[in-house]
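Asks: Dropping the structure in here first, questions after.
Numbering (my numbering), first residue to last: 18 to 404.
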């Protein structure tokens, strides 16, 4: 039963991923455990080198992150150093070209939605238009292009913002993110994982840095700006113990199935930057009757992307755990090893990958129909336009 689709036919999974990555191993294990057999693996490097890939109509195609592979990163960003921050705009263009070159199969990641999910400005605008609570942003919808640090300062002043997050429009995993705060006297500080070399190159570091000289901050932002910037109000967040906290909520097929608390002593709660998992039971107790609202906000954010089976929604809890806003919606936000599903979610006892395998079979085939391949004499379209 676990390996069958809505019509009772066996699910034939195909996985576009970096085969050596633990993401691929975890999903493969989930599919095999559900009786689906071993998914057919299609390597991202082959897709990018060969100009696409063809899938059979009876294959269910799942895309996973192309990250953490130096060769794939070089093909996407055009840089030889994996830690380099620059190149995210080129990554975005080439990633969408790769997505657009996939032909056929039942796709669980809509290309047009991926174009929005990987542009924070477009994603913010879509959520805002749907009434999903989001931080104030002067760059929402990409109507205001930020060319340099001076432009950031101008937009902050215009919007009356003293504390903001400056993010790469196409960044992920906190790459290039700066938490910027200013005082009435003009003092300024930026907290970030970006390390700037004496030659001016920018690298992602596992150590959080604080810059207090405006010239240093300006140099970093000026180097990031050509890749596109997004600015959001820095909302004061709730705390757990003495650490600030936020939530990653995984939504599968419209249901909030998994949640993890991330805590940190810095504004950046990413686990690879020193953030730690917090006590979810303690958060649920603090939120009380508002816990259901937190999950609802995550589900409302995911509903803005109905053609994508699974997203990870980053929720920003206000002080007191009474209100929640969406900071990010992540297309590949399901890497939470050993975390099992929430009570009442339909994913009890299942990790995030097993939940996707199980919940897919509850859906009508019309939810993710076969994507027809383009005519042989027609180049595959890319997915630059948002859906």
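Note that the Cβ used here is the ideal one computed from N, Cα and C, for glycine as well.
Thinking C-alpha only, which one of 230, 149, 235 and 102 is nearest residue 168?
Replies: Nearest option by C-alpha distance: 235.
Asks: Could you pull the DSSP bridge partners for residue 58 from this structure?
Replies: Partner(s): 32.
Asks: Let me check one thing: in DSSP terms, what residues is residue 49 bridge-paired to?
Replies: Paired residue(s): none; residue 49 is not in a bridge.
Asks: Hey, is the stretch 136–149 in contact with the stretch 73–89, meaning 3+ C-beta pairs nearer than 8 Å?
Replies: No, they do not touch.
Asks: What three-state label does DSSP hand residue 397 in the structure shown?
Replies: Interpretation of residue 397 is limited by its pLDDT of 41, a score under 50 that renders its predicted location unreliable; the figure taken from the coordinates is listed afterwards. Of the three classes helix, strand and coil, the one that applies to residue 397 here is coil, per DSSP.
Asks: For residue 44 versus residue 81, is the C-beta distance shorter than 8 Å?
Replies: Contact: yes.
Asks: For residue 200, count the other beta carbons within 10 Å of its own beta carbon; 16 or more makes it buried, fewer makes it exposed. Which is it?
Replies: So residue 200 counts as exposed.
Asks: With a threshold of 7 Å on Cβ separation, who are the neighbours of residue 352 within its own chain once the five nearest residues in sequence on each side are excluded?
Replies: Around residue 352: 40.
Asks: My output table needs one value for residue 167: the three-state DSSP class, helix, strand or coil.
Replies: In this structure, residue 167 counts as helix in the three-state DSSP scheme.
Asks: Residues in the same chain with beta-carbon distance under 8 Å from residue 365, minus the five sequence neighbours each way, listed in chain order, please.
Replies: These residues qualify, in order along the chain: 357, 358 and 359.
Asks: State the CB to CB distance for the pair residue 337 and residue 255, rounded to an integer number of angstroms; the pair is presumed to be in contact (CB under 8 Å).
Replies: That pair is a contact at about 6 Å.
Asks: At a cut of 8 Å, does the stretch 324–338 reach the stretch 120–135 through at least three beta carbon pairs?
Replies: Touching, yes, given that three or more Cβ pairs across the two stretches are closer than 8 Å.
Asks: Report all residues from its chain with a CB closer than 6 Å to the CB of residue 229; omit the five preceding and five following residues, and keep chain order.
Replies: Excluding positions up to five away in sequence, the list reads 206.
Asks: Please list the terminal residues of the continuous beta strand (DSSP E) segment that includes residue 331.
Replies: Its beta strand (DSSP E) spans residues 327–334.
Asks: With C-beta atoms as the reference, is residue 226 less than 8 Å away from residue 260?
Replies: Cβ distance not < 8 Å, so residue 226 and residue 260 don't count as in contact.
Asks: Is residue 292 helix, strand or coil when you go by DSSP?
Replies: Coil.
Asks: DSSP three-state label for residue 344, please.
Replies: The answer is strand: DSSP assigns residue 344 an E or B state.
Asks: What separation, rounded to the nearest whole angstrom, lies between the Cα atoms of residue 152 and residue 343?
Replies: Going from the Cα of residue 152 to the Cα of residue 343 covers about 7 Å.
Asks: Decide if residue 262 is buried, meaning its Cβ has at least 16 other Cβ atoms within 10 Å, or exposed.
Replies: Per the 10 Å Cβ criterion, buried.
Asks: Where does the unbroken beta strand (DSSP E) through residue 196 begin, and where does it stop?
Replies: Here the beta strand (DSSP E) through residue 196 covers 195–199.
Asks: Applying the criterion that 16 or more other CB atoms from any shown protein chain within 10 Å of the CB defines a buried residue, is residue 133 buried or exposed?
Replies: Result: buried.
Asks: Go to residue 182, then tell me how far its beta strand (DSSP E) extends in each direction, as first and last residue.
Replies: Start and end: 180–185.
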